[in-house]
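Taken in sequence, the protein lines are chains U and F.
Per numbering that gives the first Met the number 0, the first sequence starts with residue 0, numbered consecutively.
Per numbering that gives the first Met the number 0, the second sequence starts with residue 0, numbered consecutively.
Number of protein chains: 2
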Amino acid sequence: MTQPWSAQTPHDRAVMEVLHAIRAFTDAMDRMHGGMKDDMDMNATDLAALRMLIVREGRGEAVSPHQVADHLRISTASTTKLLDRLTASGHIERRPHPSDRRARVVVLTDESRATFFRHFGERLGQMRSVADRYSDDELAVIARFLSGMSETLDPR
Amino acid sequence: MTQPWSAQTPHDRAVMEVLHAIRAFTDAMDRMHGGMKDDMDMNATDLAALRMLIVREGRGEAVSPHQVADHLRISTASTTKLLDRLTASGHIERRPHPSDRRARVVVLTDESRATFFRHFGERLGQMRSVADRYSDDELAVIARFLSGMSETLDPR
DNA sequence: TTCAAATTGCTAGTTTAGCTAGCGATATCC
DNA sequence: GGATATCGCTAGCTAAACTAGCAATTTGAA
């Protein structure tokens, strides 16, 4: 069987090596998230929800249960249970939505944020230390590359 | 609360942007895998097993059920059921191990490989088209960066 | 060489976390 | 003002993980 990613020209070879590196990197990130999930004693989806909440909070955005469901691509029913788990473990609170009385706003607790960054901190430091080995121009190229991939693969 | 990834210097800012891009890219890859899983009518773990088998086959390595369990970080019992599902759906076969009569070797069927690349092909093409926008030198930097991250995050 | 310990993949039974269907409360649109 | 849509929820079902433990086989130490 011919490898669909076999290379001929030097450029093809460079592309192939990037694609290979992407595969390995994606695996490594999956394992990193797996490790965090174990460390924090959570399941993968609940941790993904937490990450989403951290990111959205960083942008100053409020998050509804519906948005959690959409982001995780699970049903709202499953999301209700997920939020129940996160509430029971003290990670989030459900607040009333300021203008829509059907809706809720999901808010991280201070303890949850602290716990997350305590466990994420070491990994973040490792990632920083790798990035520090690259010049600003190189980092800009890398960021642009990754953003381009994201946009192409998941245009939203 | 101070953002743990807040930036001061231009370099800090470049690092921060790369980390942000990594987060978005990881999400996009997760969604890409989610899309493939839907298209191929499989669950996420089974698809991850398939990807692992494709990669290992590409390296000419034989794969045991134990190695599947280790890679996916699930129990061997769960792996037995996973392999049952993949066997039932015609994706794999369990062959006897040539020298260890306790062990098995998991082998992809031709149809499975074909199906995988049929569904992966379009995405692979998109990824190639993004990579094609970069010079060989840039691609080399990106590949080195991603490999460094992988190695740091998941030394194995 | 022999026999205890370790390893492989499996079965059985349990738990977790998803799903669909559908409900009451509220908001939105003619 | 009344039909229709949306929000988050409950109830009940299912898929896929888990732990415990087994027979067959291999490995390693006396």
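Every residue gets a Cβ at the ideal spot worked out from N, C-alpha and C, and that includes glycine.
For clarity, every value in this text was computed on a predicted model and none was experimentally measured.
Taking Cβ to Cβ, would you say residue i is nearer than 8 Å to residue j?
i               : j               : result
A187 of chain U : L18 of chain F  : The first residue shown for chain U is 0 and the last is 155, placing residue 187 of chain U beyond what the model contains.
L123 of chain F : A27 of chain U  : no
A23 of chain F  : S63 of chain F  : no
H65 of chain F  : T79 of chain F  : no
M148 of chain F : M148 of chain U : no
E16 of chain U  : V140 of chain F : no
D135 of chain U : P9 of chain F   : yes
M41 of chain U  : V67 of chain U  : no
Indicate whether at least one CB of chain U lies closer than 8 Å to the CB of residue i.
i               : result
R127 of chain F : yes
T151 of chain F : yes
M28 of chain F  : yes
T78 of chain F  : no
A20 of chain F  : yes
E137 of chain F : yes
M0 of chain F   : With a pLDDT of 44 at M0 of chain F, under the threshold of 50, the modelled position of that residue is not reliable, and the figure given next carries that caveat. Closer than 8 Å: yes.
A68 of chain F  : no
T108 of chain F : no
P9 of chain F   : yes
T25 of chain F  : yes
Just to confirm my understanding: we take residue i, look at its own chain, exclude 5 residues before and 5 after, and list those with CB closer than 7 Å. What are they?
i               : result
H118 of chain F : M35, D38 and M39
A47 of chain U  : L71
E110 of chain U : G89
F144 of chain F : none
M31 of chain U  : R122
F128 of chain U : Note that residue 128 of chain U corresponds to Ser in the displayed sequence, not to Phe. Hits under 7 Å: none found.
E56 of chain U  : L107
L85 of chain U  : D45, A48 and I91
Within 10 Å of its beta-carbon, does residue i have 16 or more other beta-carbons around it, so buried, or fewer, so exposed?
i               : result
D29 of chain U  : buried
D45 of chain F  : buried
E60 of chain U  : exposed
E121 of chain F : exposed
S77 of chain U  : exposed
T1 of chain U   : Its pLDDT being 46, under 50, T1 of chain U is placed unreliably by the model, and nothing is read from it.
A142 of chain F : buried
A13 of chain U  : buried
L81 of chain U  : buried
Tell me which residues share the same chain as residue i and place their Cβ nearer than 8 Å to its Cβ, disregarding the 5 neighbours each side in the sequence.
i               : result
I53 of chain U  : L107, R112 and F115
V104 of chain U : A61, V62, S63, R93, R94, P95, H96 and P97
I73 of chain U  : T44 and L81
Y133 of chain F : I141
Can you list, in chain order, the residues of its chain with a C-beta nearer than 6 Å to that of residue i? Leave out the 5 residues immediately preceding and following it.
i              : result
E92 of chain F : V106
Would you please verify whether the beta carbon of residue i is less than 8 Å from any beta carbon of chain F?
i               : result
G147 of chain U : yes
H90 of chain U  : no
V17 of chain U  : yes
D83 of chain U  : no
G33 of chain U  : yes
H96 of chain U  : no
I141 of chain U : yes
D131 of chain U : yes
R122 of chain U : yes
Problem - Entirely enclosed beta strand (DSSP E) segments - the stretch 41-124 of chain U, minimum 3 residues - result: Whole beta strand (DSSP E) segments, 3+ residues: 91-95 and 103-107.
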